[in-house]
Amino acid sequence: MNVEQAKQWLRQTSARLSEHKDELSTLDHALGDGDHGVNMHRGFQAVVEGLDEWEDLSLSSLMQKVGSTLVSKVGGAAGPLYGTAFMRMGAAWKGIEQVNGSAWSEGLSKAVEGIAQRGKTSTGDGTLLDVWSPVAEAFTEGEPSWDNIESAAYKGMEATEEMVVKKGRGALLGEQSVGHIDPGAVSSYYLFQELANTMKAGEQ
Amino acid sequence: MEENNVALLFVSHVEALAEGARELLQQANPDVGIYSCGGLEDGEIGTSIDRIEASLNKIDSETDVLVFYDIGSAKMNAEMVQEMHEERNIVISDAPMIEGGYVAVITAGLGASLEEVKRDAEEGYSKGE
């Protein structure tokens, strides 16, 4: 992925999140405060608005900007979590203008580490980390298999439905939290599906 | 205002709630620095690191800061601001805003240190005193 593809990815993600804004908020009503869709839409809209201003940035600096914008604009818990993830990717990609399989692997494992620290959470807690972590593991050296990555994201998202939620308001419900798919996992799935779409379009 | 060692900062998802906490507790001791930060720029419900940072900047840079928060992401955002300002002495309390804040304003007013105020806020509020 180069900086132009990254921008394309962010634009497509923003469009996707705005399309699914109501769906994400409805999912969030089950165990959260019902604002995930609105929050993510607001955050990524601010990112897209920033893209024109950030025209000359390196890939690394672009990711850092995206991160700090999400932290500032998203509002809910997703802001610091997504924001930290992008900032860590940016830090991992210093001096890299074309992200290959091992750079993805490195960037995403730093992002996963960041999400875990910030949210004091681990995989299996029914959060967005259950998507980010398997996606990070799906990257191997060489050219990434985008179909594998998309399917890792999808499986991770689906798995949150069966989990007892350990974080956020859902955690107050214990066993009763089972049966709800995590909205942060869904928005993360959209993010990675749009990444795969962007990258596959570039291969054709 | 800043004669005491410790200022209190209330971070809430709702501006009126943070401001209400400040108003209520300021009554207990008008000499303790109490600051409030709530909601998003547009008045919507949420917390924002930009706004927390702006509130922090209103507090004398030599004064220690004890942060109280309401729910969920308020703590995460407060932690981010804390990490961004390592040069300052900022501590986040898990005590309930009002009950813990009440104990904190009393002990801060007596000139207690940041650690003492935090400890008293977290241990003292449940006693109903």
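Heads up: the protein sequence lines correspond to chains R and Y, in order.
Position 124 of the first sequence, counting from 1, maps to 136 under the working numbering, and the rest follow consecutively.
Position 124 of the second sequence, counting from 1, maps to 152 under the working numbering, and the rest follow consecutively.
Cβ coordinates follow ideal geometry from the N, Cα and C atoms, glycine included.
Alpha-carbon to alpha-carbon, Asp122/Y and Phe151/R = 39 Å
Neighbour flag for Asn105/Y against chain R, beta carbons, 8 Å = yes
Flag Glu72/Y as yes if its beta-carbon sits less than 8 Å from any beta-carbon of chain R, otherwise no.
-> yes
According to DSSP, is Gly91/R helix, strand or coil?
-> helix
Answer yes or no: does any C-beta atom of chain Y fall closer than 8 Å to that of Ser30/R?
-> no
Spell out whether any CB of chain R is found under 8 Å from the CB atom of Phe38/Y.
-> Judged by the 8 Å Cβ criterion, Phe38/Y is not in contact with chain R.
Can you tell me the Cα-Cα spacing of Glu81/Y and Val131/Y, whole angstroms?
-> C-alpha separation (whole angstroms): 24 Å.
So, are the CB atoms of Met82/R and Phe98/R less than 8 Å apart?
-> According to the sequence shown, residue 82/R is Leu rather than Met. Result yes, Cβ atoms of Leu82/R and Phe98/R sit closer than 8 Å.
Hey, how far is the Cα of Glu173/R from the Cα of Ile134/Y?
-> 46 Å
Give the straight-line distance between the Cα atoms of Gly214/R and Met13/R, rounded to the nearest whole angstrom.
-> If you take the alpha carbons of Gly214/R and Met13/R, they lie about 9 Å apart.
Supposed close pair Phe96/Y, Gly128/Y - CB separation, criterion 8 Å = 6 Å
At a Cβ threshold of 8 Å, is Gly62/R touching chain Y?
-> no
Apart from the five residues on each side of it in sequence, which residues of its chain come closer than 6 Å, Cβ to Cβ, to Arg79/Y?
-> Cys65
Using the beta-carbon count (16 or more within 10 Å), is Gln110/R buried or exposed?
-> Per the 10 Å Cβ criterion, exposed.
With a CB to CB cut of under 6 Å and the five nearest residues on each side skipped, what residues in its chain are close to Ser117/R?
-> Only Phe151 meet the Cβ criterion.
Do we get a CB-CB distance below 8 Å when we pair Ser84/R with the residues of chain Y?
-> yes
Consider the Cβ of Gly66/Y: report whether some Cβ of chain R lies at a distance smaller than 8 Å.
-> Chain R contact via Cβ: absent.
Does Met108/Y get closer than 8 Å to chain R when you measure Cβ to Cβ?
-> yes
Taking 8 Å as the CB-CB cut-off, is Ser76/Y touching chain R?
-> yes
Using a C-beta to C-beta distance shorter than 9 Å, which residues of chain Y count as neighbours of Val181/R?
-> As written in the sequence, residue 181/R is Arg, which differs from the Val given in the question. Those are Ile99 and Gly100, listed as they occur along chain Y.
Report the rounded CA-to-CA distance for Ser89/Y versus Ser83/Y, giving the unit in angstroms.
-> 12 Å
Is any heavy atom in the ligand GTP found nearer than 7 Å to the beta carbon of Ser30/R?
-> For the structure depicted, the ligand GTP is absent and the ligand set is empty, with no information on it obtainable.
What's the C-alpha gap between Gln205/R and Gln110/Y?
-> 34 Å
C-alpha gap between Gly67/Y and Asp137/R, whole angstroms | 28 Å
Consider the Cβ of Ala27/R: report whether some Cβ of chain Y lies at a distance smaller than 8 Å.
-> no
My guess is that Leu29/R and His53/R are in contact by the Cβ rule of under 8 Å, so how many angstroms apart are they, rounded?
-> 5 Å
Can you say whether Glu162/R is buried or exposed, counting buried as having 16 or more other CB atoms within 10 angstroms of its CB?
-> buried
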